[in-house]
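Visitor: Sequences listed follow chains A and B, in order.
In terms of this note's numbering, the first sequence opens at residue 752 and continues consecutively.
In terms of this note's numbering, the second sequence opens at residue 752 and continues consecutively.
Cβ atoms here follow ideal geometry from the backbone N, Cα and C, with glycine treated the same way.
None of the values given here were measured: they were computed from a predicted structure.
Handing you this structure, nothing more for now.
There are 2 protein chains.
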Amino acid sequence: MNSDSLRPLADTLKVLAHPVRLRILALLHAGELCVCEVAEVLGLAPSTVSEHLTGLRRTGLVREWKVGRWVHVALSDDASARPLLEALWPLMAGAEAELSRDRAQARILRCDTCDPVACPPSRTLQEHA
Amino acid sequence: MNSDSLRPLADTLKVLAHPVRLRILALLHAGELCVCEVAEVLGLAPSTVSEHLTGLRRTGLVREWKVGRWVHVALSDDASARPLLEALWPLMAGAEAELSRDRAQARILRCDTCDPVACPPSRTLQEHA
DNA sequence: ACGTTGTTTCGGGAAATTGCGAAATGAACT
DNA sequence: AGTTCATTTCGCAATTTCCCGAAACAACGT
Chain A
752 MNSDSLRPLA
762 DTLKVLAHPV
772 RLRILALLHA
782 GELCVCEVAE
792 VLGLAPSTVS
802 EHLTGLRRTG
812 LVREWKVGRW
822 VHVALSDDAS
832 ARPLLEALWP
842 LMAGAEAELS
852 RDRAQARILR
862 CDTCDPVACP
872 PSRTLQEHA
Chain B
752 MNSDSLRPLA
762 DTLKVLAHPV
772 RLRILALLHA
782 GELCVCEVAE
792 VLGLAPSTVS
802 EHLTGLRRTG
812 LVREWKVGRW
822 VHVALSDDAS
832 ARPLLEALWP
842 LMAGAEAELS
852 RDRAQARILR
862 CDTCDPVACP
872 PSRTLQEHA
């Protein structure tokens, strides 16, 4: 009568079960970003993105660290995160059009940031137009 | 600014993101059952199980068909369901103790049902004790 | 010290989810 | 026709999710 041992997996899947968080994972699959870049690409309030990221961090799929004033985000390279992430990419194949557009916008924001520490990443997409 | 193309995958994952529905999938991995058997094994109200099953059916992971008075349920053998289901079993490995207990109870309910059509599956677990 | 900027936490309102019992449906059996 | 039993639908309360703006933090620059 108890389904407690499946709770951890269910909780992780619940975090995955949101279009924005899937988009974030796909974005990070192409490389690390800072929180404000993610917010700009997704067109969401920074506070919203921050909350999505705390969810993702709780699953262990994503890691964050401070770089100066910014918080950088990347996929976890932990062995325990691998199976789930690797299972995920093929399932997202159908959204490739949108995902590559996201990646393109992220590249625009980072077009002149050879050194991720030195270069403030906060430019908006309009400034680059 | 639109994350619509990931909506279908997110919706499917949202259905998976529940301990009871994961348990149902694992149960069906061992063979087909009827709704009342699932309810008995899980210790949940039939209406609750029915609602979980409509969710699972909507994802295409599960198929149902009527057999006399009963509704039988099984995993879909559709090709589109395969990748997700195959990705799922390894993720549930940690809950094997509970899942095998579920399978054992299902076997008890079915212990004398050689012919799934002829034999009423509605016996409670107490009747078998 | 002060202001600026990136990030998080908090408060709140709209919407979705979960579980159940009660009532409605459907299919068998008498 | 009437009964029984498996299942679904409905109504409802409790809980959670989602997004935001405002306020609080944190780290840099002057």
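Starting from Glu815 (chain B), trace the beta strand (DSSP E) both ways and give me its first and last residue.
Guide: Start at 1 with the first residue of the second sequence, and residue 815 (chain B) comes out as number 64. First-last of the beta strand (DSSP E) with Glu815 (chain B): 813–818.
Visitor: If contact is defined by three or more beta carbon pairs under 8 Å, each pair taking one atom from either stretch, is the segment 839–846 of chain B in contact with the segment 792–809 of chain B?
Guide: No: fewer than three Cβ pairs fall under 8 Å.
Visitor: Report the residues of the segment 791–803 of chain B with a CB closer than 8 Å to any CB of chain A, ordered along the chain.
Guide: Taking 8 Å as the Cβ-Cβ cut-off against chain A, the residues of the segment 791–803 of chain B that qualify are Leu793, Gly794.
Visitor: Ala825 (chain B): which of B:Ala848, B:Ser831, B:Gly811, B:Gly819 sits nearest, CA to CA?
Guide: Position 74 of the second sequence, counted from the first residue, corresponds to residue 825 (chain B). It is B:Gly811 whose Cα lies nearest to the Cα of Ala825 (chain B).
Visitor: In chain B, what lies closer than 8 Å to Leu826 (chain A) by C-beta?
Guide: On the first sequence, residue 826 (chain A) is found 75 positions in, with the first residue counted as 1. Chain B residues near Leu826 (chain A): none, gap ~17 Å exceeds 8 Å.
Visitor: Is it buried or exposed, Asp853 (chain B), if we count other Cβ atoms within 10 angstroms and call 16 or more buried?
Guide: Numbered from 1 along the second sequence, position 102 holds the residue referred to as residue 853 (chain B). Classification of Asp853 (chain B): buried, given that the 10 Å Cβ count is 16 or more.
Visitor: Is the separation between the beta-carbon of Leu778 (chain A) and that of Ala761 (chain B) shorter than 7 Å?
Guide: The residue you call residue 778 (chain A) lines up with position 27 of the first sequence. The residue you call residue 761 (chain B) lines up with position 10 of the second sequence. No, the Cβ-Cβ distance between Leu778 (chain A) and Ala761 (chain B) is not below 7 Å.
Visitor: Does the distance from the C-beta atom of Leu764 (chain B) to that of Ala768 (chain A) stay below 7 Å?
Guide: To locate residue 764 (chain B), count along the second sequence from 1; it is residue 13. To locate residue 768 (chain A), count along the first sequence from 1; it is residue 17. The answer is yes: Cβ separation under 7 Å.
Visitor: Within 7 Å (strictly less), CB to CB, does Ser851 (chain B) reach chain A?
Guide: As a working note, residue 851 (chain B) is residue 100 in the second sequence. So no, Ser851 (chain B) is outside the interface.
Visitor: On the three-state DSSP scale, how would you describe Ala825 (chain B)?
Guide: By 1-based counting over the second sequence, the position of residue 825 (chain B) is 74. Residue state, collapsed to three classes: strand.
Visitor: Using three-state DSSP, classify Leu795 (chain B) as helix, strand or coil.
Guide: Along the second sequence, one-based indexing puts residue 795 (chain B) at 44. If DSSP states are grouped into helix, strand and coil, Leu795 (chain B) belongs with coil.
Visitor: For the ligand GTP, is there any heavy atom lying closer than 6 Å to the beta carbon of Val792 (chain B)?
Guide: The ligand GTP is not among the ligands present in this structure, which contains no ligands whatsoever.
Visitor: Using a C-beta cutoff of 7 Å, does Arg820 (chain B) count as contacting chain A?
Guide: Position 69 of the second sequence holds residue 820 (chain B). Chain A, which has no Cβ nearer than 7 Å to the Cβ of Arg820 (chain B), makes this no.
Visitor: Kindly indicate if chain A contains any beta-carbon less than 7 Å away from that of Arg861 (chain B).
Guide: Taking the first residue of the second sequence as position 1, residue 861 (chain B) is located at position 110. Judged by the 7 Å Cβ criterion, Arg861 (chain B) is not in contact with chain A.
Visitor: Give me the subset of the segment 806–819 of chain B whose CB atoms are less than 9 Å from a CB atom of chain A, sorted by chain position.
Guide: Listed by position along the chain: nothing, the set is empty.
Visitor: Would you kindly check if the distance between the Cβ of Arg814 (chain B) and the Cβ of Ser831 (chain B) is under 7 Å?
Guide: Reading the second sequence from its first residue, position 80 is the one you call residue 831 (chain B). Reading the second sequence from its first residue, position 63 is the one you call residue 814 (chain B). No, Cβ-Cβ distance for Ser831 (chain B) and Arg814 (chain B) is not below 7 Å.
Visitor: Using a Cβ-Cβ cutoff of less than 8 Å, which residues in the same chain neighbour Pro797 (chain B) once the five nearest sequence positions on both sides are dropped?
Guide: Residue mapping note: residue 797 (chain B) aligns to position 46 of the second sequence, counting from 1. Result list for Pro797 (chain B): Val786, Cys787, Ala790, in chain order.
Visitor: Using a Cβ-Cβ distance under 7 Å, would Arg833 (chain B) count as near chain A?
Guide: Here the question's residue 833 (chain B) lines up with position 82 in the second sequence. Not an interface residue.
Visitor: List the residues of chain B whose Cβ lies closer than 7 Å to the Cβ of Val771 (chain A), in chain order.
Guide: Position 20 of the first sequence, counting from 1, holds the residue named residue 771 (chain A). By Cβ distance, chain B contributes Ser754.
Visitor: So Ala857 (chain A) and Leu757 (chain B) are supposed to be a Cβ contact under 8 Å. How far apart are they, rounded?
Guide: By one-based count along the first sequence, residue 857 (chain A) stands at place 106. By one-based count along the second sequence, residue 757 (chain B) stands at place 6. Not a contact, Cβ separation roughly 16 Å.
Visitor: Can you check whether the C-beta of Ala880 (chain B) is within less than 7 Å of a C-beta belonging to chain A?
Guide: Within the second sequence, residue 880 (chain B) is the residue found at index 129, counting from 1. Because the pLDDT of Ala880 (chain B) is 46, which lies under 50, any placement of that residue in the model is unreliable, and the number read from its coordinates should be weighed accordingly. Closer than 7 Å: no.
Visitor: Mind pulling the chain B residues with CB within less than 9 Å of Arg858 (chain A)?
Guide: Against the first sequence, residue 858 (chain A) aligns to sequence position 107. Near Arg858 (chain A) there are no residues of chain B at all, since even the closest Cβ is about 17 Å away, more than 9 Å.
Visitor: Measuring alpha carbon to alpha carbon, tell me which residue in B:Ile775, B:Val818, B:Ser851 is nearest Ser801 (chain B).
Guide: Position 50 of the second sequence, counted from the start, is the residue given in the question as residue 801 (chain B). Checked all of B:Ile775, B:Val818, B:Ser851; the closest Cα to Ser801 (chain B) is B:Ile775.
Visitor: Taking only beta carbons into account, state which residues of the segment 758–786 of chain B come closer than 9 Å to chain A, listed in chain order.
Guide: The segment 758–786 of chain B vs chain A, Cβ under 9 Å: Arg758, Pro759, Leu760, Ala761, Asp762, Thr763, Leu764, Lys765, Val766, Leu767, Ala768, His769, Pro770, Val771, Arg772, Leu773, Arg774, Ala777.
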